[in-house]
Structure formats: C-alpha cells, structure tokens
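Some notes on the structure that comes next.
2 protein chains.
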Amino acid sequence: MSPQGLTAKGAATRERIVVAAADHVLTHGTAGTSLDAIGVATSTSRSQLFHYFPEGKAELVRAIVACQGERVLDAQRPELDRLDSWASWKRWRDSVVAHYTANSGEHGCPIGSLAGQAAASDPQLRADIAAYFESWRGHLRAGVQRMRAAGLLRRGADPDTLATSLLAAVQGGLVLAQARGDLTPLGEALDAALAGLRSYAS
Amino acid sequence: MSPQGLTAKGAATRERIVVAAADHVLTHGTAGTSLDAIGVATSTSRSQLFHYFPEGKAELVRAIVACQGERVLDAQRPELDRLDSWASWKRWRDSVVAHYTANSGEHGCPIGSLAGQAAASDPQLRADIAAYFESWRGHLRAGVQRMRAAGLLRRGADPDTLATSLLAAVQGGLVLAQARGDLTPLGEALDAALAGLRSYAS
DNA sequence: GCGATTCTGGACTGCATAGTCCAAAGTATG
DNA sequence: CATACTTTGGACTATGCAGTCCAGAATCGC
Chain V
13 MSPQGLTAKG
23 AATRERIVVA
33 AADHVLTHGT
43 AGTSLDAIGV
53 ATSTSRSQLF
63 HYFPEGKAEL
73 VRAIVACQGE
83 RVLDAQRPEL
93 DRLDSWASWK
103 RWRDSVVAHY
113 TANSGEHGCP
123 IGSLAGQAAA
133 SDPQLRADIA
143 AYFESWRGHL
153 RAGVQRMRAA
163 GLLRRGADPD
173 TLATSLLAAV
183 QGGLVLAQAR
193 GDLTPLGEAL
203 DAALAGLRSY
213 AS
Chain G
13 MSPQGLTAKG
23 AATRERIVVA
33 AADHVLTHGT
43 AGTSLDAIGV
53 ATSTSRSQLF
63 HYFPEGKAEL
73 VRAIVACQGE
83 RVLDAQRPEL
93 DRLDSWASWK
103 RWRDSVVAHY
113 TANSGEHGCP
123 IGSLAGQAAA
133 SDPQLRADIA
143 AYFESWRGHL
153 RAGVQRMRAA
163 GLLRRGADPD
173 TLATSLLAAV
183 QGGLVLAQAR
193 GDLTPLGEAL
203 DAALAGLRSY
213 AS
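Protein chains in written order, with the working numbering: chain V, 13 to 214; chain G, 13 to 214.
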C-alpha cells in the first residue's frame, strides 16, 4: 500500500478521477464542473470522490492543479531544464506553443485562468497556483543565470525580472489567445519576450 | 425617454445595478455572484434585474464587461490616446500600474480573468471580451505607429505584434499579480515590454 | 481461509440559485 | 384628470448541486 493507505487499485482510481476532472475543469472552469459530471466522466460514484478527497471539491481542484502543473512543465522538458543557449530558448518557445496547440481544443485554458476564479474564493488554491508559477519562474530564472554565466548575456540582465517577464508573456499570451480563440498571440508575445532577452546579448 | 424606452429613473437604476454588480463580479467571479447578492448590494428586487436584463445573468455580465472595459480604458487616458514619445509611454505605464494599485483591494482582477471563465460557457461574452482586447490593442498599435511616423522607431518595428506583446505583458502581469497577491509582477512585465519596444529605437 | 480494511454504489438530505408571475406603485403624456 | 406605460416588490417554482450515510463488494494481511 502507498503511504496514504491506498491500495494499488485505489491509487489508480484516484488518478483516473484527477485526470478526467482536470480535463473537465480546464475546459468548463471550476464552477462549471459538477461532481456529477466528474462522476459520469470517470464512471465513479459520489462516495468515491469523497473517499479520495475528504474535503470535497476544493481538495479535488487542488489536486488537479498539482497534476496539470506537472503536465505543463513536463511538456517543456527537457528544454526547460537546460536553457543555456539561444537555440535552447528557441526550442523551449516552440515546445510551449506546441503543447498548447496540441491541447487547444480540449483544454484551451491553462492554470492561469483558475487564478482568477480562485483569487477570492479559495486562498489555499491561490497559494498552490502561486507556488506553481514560482516553480516555473525558477526554471526560467535558472536559465537566464546560466546564459549569463556562459557569457552570453551582459551583467545588466537581471535574471529575476527577466524570468517574470517571460512567464508573464506566456500567461498574457494565453489570456489573449483564449479570448480570441486563436493561439497566435501566444507565439507573438513569446517572440517579443525572447527578443527582449536577446537585447541583453553580449 | 431614452432610446430603449427607459425613464431617467429607470436608466439610473440600471446603471446602479451594473456598477454594483461589476464590483461584485470582479472580486468574486461570475459563478461567485448570485442575483440575490446583487439584489442586496443595490437594494433592488429580483424582477428589476430581469426587467433591465431580460436574458438574465449572461446579459448582465456582458453589460458589466462593457462598463468595466470603459472604466479601465478611461483610467489610461489621456495617455492612451496620445502615445507619441518615450515619455508618454512611461506615463501610460504608470497610469496602468496606478489604476490597478488603487483598485487592488476591491477588484484586484481584471476582465482577463473573465476570459477564462467565459471561454466555453458563453461564446457571446467571449466575443465581447475579445472585442475589448482588440480595442485596447488598437490604441497601443496606433501609438507604435505614431512613434514610427515620428522617426523614433525603426522600420523593423511591427506595430501589430508589438501592440500584442505590450497587451500580453499587461494581462500576464496581472495573472501573476493575482496569484501572488502582489502587483509587482505587473510593473516588471510592463517594464520589460517597454524595454523591448525601446530596443527598436532609432 | 478469515478478519480487518479499503473500495464502491446509490439513495437521500438540505440548500442555494436562476428564472417566472402577478399585482401594486409610480410616472409620463394628452 | 385619465389613460397607458414603466418601474418595483415579493412570493413562488424548478432545478442542480455539494455533501452525508449506509450497506455491500473487493482486497489485503496473516
């Protein structure tokens, strides 16, 4: 049994619930996702949801964020972990765009959308989302630092704010893309942010 | 009487509902805002809501977007309308940050948050939000064009994509700010985007 | 195999909410 | 002042939803 006292079968069911619920929440929003809908999507009954997520919907949504956050970050690997050349940044950019392109039909929307919904309602969820962004931003910052250490960027390039602006470009591009129903703003925003980074090239 | 057959009194009531509802929706989200809550906030009864917004909640939310969109754009004036020098861009940047700083407590969240909630649920609302972004982006694009016409930017500066990247920086900065509960990402993202613009200076 | 624990199904409760309806009060216009 | 129209109040219904409960099936530890 796993640490939480879960059978292999139980863990599988839990996983199945999270994955299916993630798809539903990311397309319909937290408010637009009922426990019933999750039930029919996963062929599970009411009691299982509360068995695996005793605190109810809020806990489930948090699990979704954790799951989906990992998915999104994984989609950027291995580039995200070894940003150390201009070519690697370009590859990273492409992997981000490719990931959202592939999943645009089902869940066109990222976790950022949840931030808006969670802002006031669930502080715990907001904190989880903030941590997720911070992790993502940390990878980008490390990349900028590597570039600077390698002498590819000038000293004036501040890894912290550059990482913020890169992540903001991704999230802002996604917001615009979602409103327009077309992903091109994401690519444009990313290109501009990378151009900004390149303006610090030494 | 006004075009829609509204008495002065009626128009005032309608306005009162929209304004109060806007505050509530922007802090609690559309799902977190019940018609009852709007009722108590504005001291109006159920029937008035449906009298002024026969299609119900969806129509009300659309009115809120129109109202709030105007508010946000107005907060950026007069700078937004006459972006034609580096100093004016800086002033614009400050007005954006100042606006969200002033309103961070009440409605920390912008219309962009609604895009996520509206994506699947209400296509009409999504279209309204897209139009709003397009209007905002149009002002920025005009500003870039003015800069180029004045010889302050090189020919390589594409007004269209630069406007997109600037707006994406605002929206992305707001998403991060919302998650973190702190507006600094907005300022940093905007500064980076403006630095990107400045890299095209001639 | 057997007892304890985990897993699953489905019915049930209680509540919050969107939307309807009708009748009364107010307000224009001639 | 009279009539038609707009505005307002509040009760009423429908429904959909989160969360509870209990009993039965499967599975694990020994």
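Backbone N, C-alpha and C fix where the C-beta goes; we use that ideal spot for every residue, glycine too. The structure presented is a predicted model; accordingly, all values stated were derived computationally and were not measured.
Should residue i be labelled buried (16 or more other beta-carbon atoms within 10 Å of its own) or exposed?
{"i": "residue 99 of chain V", "result": "exposed"}
{"i": "residue 91 of chain G", "result": "buried"}
{"i": "residue 52 of chain V", "result": "exposed"}
{"i": "residue 203 of chain G", "result": "buried"}
{"i": "residue 19 of chain V", "result": "exposed"}
{"i": "residue 82 of chain G", "result": "exposed"}
{"i": "residue 197 of chain V", "result": "buried"}
{"i": "residue 67 of chain V", "result": "exposed"}
{"i": "residue 214 of chain G", "result": "exposed"}
Find the residues of chain V that neighbour residue i, judging by a C-beta separation of less than 7 angstroms, and give them in chain order.
{"i": "residue 180 of chain G", "result": "181, 184, 185, 188, 197, 201"}
{"i": "residue 147 of chain G", "result": "Under the 7 angstroms cutoff, chain V gives no residues; its nearest Cβ is about 12 angstroms from residue 147 of chain G."}
Mapping DSSP to helix, strand and coil, what is residue i?
{"i": "residue 126 of chain G", "result": "helix"}
{"i": "residue 95 of chain V", "result": "coil"}
{"i": "residue 181 of chain G", "result": "helix"}
{"i": "residue 209 of chain G", "result": "helix"}
{"i": "residue 165 of chain V", "result": "strand"}
{"i": "residue 85 of chain V", "result": "helix"}
{"i": "residue 186 of chain V", "result": "helix"}
{"i": "residue 18 of chain V", "result": "strand"}
{"i": "residue 150 of chain V", "result": "helix"}
{"i": "residue 44 of chain V", "result": "coil"}
{"i": "residue 172 of chain V", "result": "helix"}
{"i": "residue 155 of chain V", "result": "helix"}
{"i": "residue 199 of chain G", "result": "helix"}
{"i": "residue 193 of chain G", "result": "coil"}
{"i": "residue 25 of chain V", "result": "helix"}
Taking the alpha-carbon of residue i as reference, which of the options has the nearest alpha-carbon?
{"i": "residue 63 of chain V", "options": "V:23, V:46, V:166, V:36", "result": "V:23"}
{"i": "residue 143 of chain V", "options": "G:45, G:192, G:35", "result": "G:192"}
{"i": "residue 28 of chain V", "options": "V:50, V:150, V:43", "result": "V:50"}
{"i": "residue 37 of chain G", "options": "G:167, G:129, G:97", "result": "G:129"}
{"i": "residue 74 of chain V", "options": "V:138, V:167, V:125", "result": "V:138"}
{"i": "residue 210 of chain V", "options": "V:156, V:149, V:94, V:125", "result": "V:156"}
{"i": "residue 171 of chain V", "options": "V:180, V:160, V:164", "result": "V:160"}
{"i": "residue 150 of chain V", "options": "V:94, V:45, V:42", "result": "V:94"}
If the cut is a Cβ gap below 7 angstroms, which residues of chain G does residue i touch?
{"i": "residue 192 of chain V", "result": "142"}
Of all Cβ atoms in chain G, is any one closer than 7 angstroms to the Cβ of residue i?
{"i": "residue 208 of chain V", "result": "yes"}
{"i": "residue 65 of chain V", "result": "no"}
{"i": "residue 124 of chain V", "result": "yes"}
{"i": "residue 116 of chain V", "result": "no"}
{"i": "residue 177 of chain V", "result": "yes"}
{"i": "residue 28 of chain V", "result": "no"}
Which residues in chain G have a C-beta closer than 9 angstroms to the C-beta of residue i? List them in chain order.
{"i": "residue 40 of chain V", "result": "131, 132, 133"}
{"i": "residue 43 of chain V", "result": "41, 42, 43, 44, 129, 133"}
{"i": "residue 105 of chain V", "result": "Those do not exist, as residue 105 of chain V stays about 13 angstroms from chain G at its closest Cβ, beyond 9 angstroms."}
Contact criterion: CB-CB distance below 7 angstroms. Does residue i meet it with respect to chain V?
{"i": "residue 62 of chain G", "result": "no"}
{"i": "residue 214 of chain G", "result": "no"}
{"i": "residue 211 of chain G", "result": "yes"}
Given that residue i touches chain G, what residues does it touch there, using C-beta distances under 8 angstroms?
{"i": "residue 174 of chain V", "result": "204"}
{"i": "residue 158 of chain V", "result": "The contacting residues do not exist; residue 158 of chain V stays about 19 angstroms from chain G at best."}
List the residues of chain V that residue i touches, going by C-beta distances under 9 angstroms, in chain order.
{"i": "residue 167 of chain G", "result": "The contacting residues do not exist; residue 167 of chain G stays about 16 angstroms from chain V at best."}
{"i": "residue 74 of chain G", "result": "Within chain V, no residue comes near residue 74 of chain G; the closest Cβ sits about 14 angstroms away, beyond 9 angstroms."}
For the ligand GTP, any of its heavy atoms closer than 6 angstroms to the Cβ of residue i?
{"i": "residue 193 of chain V", "result": "This structure does not include the ligand GTP; it has no bound ligands of any sort."}
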